[in-house]
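Encoded as structure tokens, the structure appears first; notes follow it.
Residue numbers (our numbering): 40 to 312.
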């Protein structure tokens, strides 16, 4: 797989995606968006993958959208009929949204490791992840208001499920920095580590713990949690009842119970491709 903005590797059941443009503050240019879809498509077809870590390089996780690229892209659509211009722009935004929808919809848990600034599109990215680990110097900014844009790639849709409404609106209306210590206080990040190396190690430890669990149960938990987020409690209860009625016919529960009784670690087969 040939990638320009990301590094991608799989080992020991963990897929590692690394933003690799530190000199450009890992801004999201035209190559970034389709590459994110590409790597998650690879993950969906690799049943050996049981967890994903998204990390970055350099001082900052990401400074968000590459404004130069965005400006050039916008200028290219400003010709012809106005209605057709706007319809083309709508499709463009939907394509960008897909680059983070693939994270949210991934069958396995995704852990984000953030150092320094996680700005604008970075918040869209990490709110699509299951878990977030930050360095002590990390901060999050819904930057779009500072450039007179309504955030449109997922932050405003997902962050209300992660933070209280009053705080969400303050962050979205002001564009202020949301530092790691405050983010941890509100549960937005799962833990804060002193250094980038420590944060990466914490993510590795968490990913290995997840990888040791039944992959069938893990994917079921994620499916049920996401479904419940987007539906009523009654809908969610019906969904999990149907899910378990189908999926508990496998061997994993029996293997897990035997391992518990013997005080041993269970070994689970990968999901079927």
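Glycine included, every Cβ here is placed at the ideal spot set by N, Cα and C.
DSSP puts residue i in a beta bridge; with which residues?
i	result
residue 46	57
residue 142	Answer is none; residue 142 lacks a bridge partner.
residue 306	Looking at the DSSP assignment, residue 306 forms no beta bridge with any residue, so it has no partner.
residue 153	173
residue 278	Beta-bridge pairing links residue 278 to no other residue.
residue 180	158
Report the residue from the options whose alpha carbon sits nearest the alpha carbon of residue i.
i	options	result
residue 181	293, 193, 255, 170	193
residue 202	108, 290, 229, 72	229
residue 233	172, 83, 109, 251	172
residue 141	196, 156, 186, 82	82
residue 147	154, 164, 127, 169	169
residue 93	188, 144, 242	242
residue 187	165, 212, 208, 176	212
residue 29	236, 80, 196	The question about residue 29 has no answer, for the chain in this structure spans 40 to 312.
residue 190	175, 204, 163, 199	163
residue 95	121, 133, 55, 136	55
residue 136	160, 124, 152	160
residue 134	75, 223, 301	75
residue 174	197, 204, 119, 223	223
residue 176	220, 195, 200	220
residue 51	300, 294, 244	244
residue 226	209, 208, 199	199
residue 61	299, 105, 195	105
residue 132	298, 73, 299, 53	73
residue 77	47, 53, 88	47
residue 143	167, 122, 121	167
residue 149	296, 231, 278, 53	53
Mind reading off the beta-carbon distance from residue i to residue j? Whole number of angstroms is fine, and I expect it under 8 Å.
i	j	result
residue 246	residue 90	4 Å
residue 261	residue 86	Actually they do not touch by this definition, with Cβ atoms about 15 Å apart.
residue 79	residue 145	6 Å
residue 266	residue 275	6 Å
residue 45	residue 58	6 Å
residue 255	residue 289	6 Å
residue 117	residue 124	6 Å
residue 152	residue 238	5 Å
If you measure from the beta carbon of residue i to each beta carbon in chain D, is any gap under 9 Å?
i	result
residue 95	Although the question refers to chain D, the structure presented lacks it and comprises just one protein chain.
Exercise for the section: Mind listing, in chain order, the continuous beta strand (DSSP E) runs of no fewer than 3 residues lying wholly within the segment 217-248? Expected result: Listed in chain order, they are 230-232.
Exercise for the section: Take every Cβ of the segment 271-291, pair it with every Cβ of the segment 208-221, and state whether three or more of those distances are shorter than 8 Å. Expected result: In short, these stretches do not touch, since the Cβ pair count stays below three.
Problem - Sufficient close CB pairs (3 or more, under 8 Å) joining the segment 174-191 to the segment 279-293 - result: Of all C-beta pairs linking the segment 174-191 to the segment 279-293, fewer than three are shorter than 8 Å, placing the two stretches out of contact.
Practice task
Please determine if the segment 247-255 and the segment 289-307 are in contact, where contact requires at least 3 C-beta pairs separated by less than 8 Å.
Solution key: Per the Cβ contact rule, the segment 247-255 is in contact with the segment 289-307 (3 or more Cβ pairs under 8 Å).
Problem - Touch test, the segment 40-48 against the segment 99-113, Cβ-Cβ under 8 Å, three pairs minimum - result: Touching, no.
Practice task
Count the CB pairs spanning the segment 55-73 and the segment 126-133 that are closer than 8 Å, and state whether there are at least three.
Solution key: With the cut-off at 8 Å, the segment 55-73 and the segment 126-133 do not touch.
Handout entry: alpha helix (DSSP H) runs wholly inside the segment 56-128, at least 4 long, in chain order
Key = Complete alpha helix (DSSP H) runs here, min 4: 71-84, 106-115.
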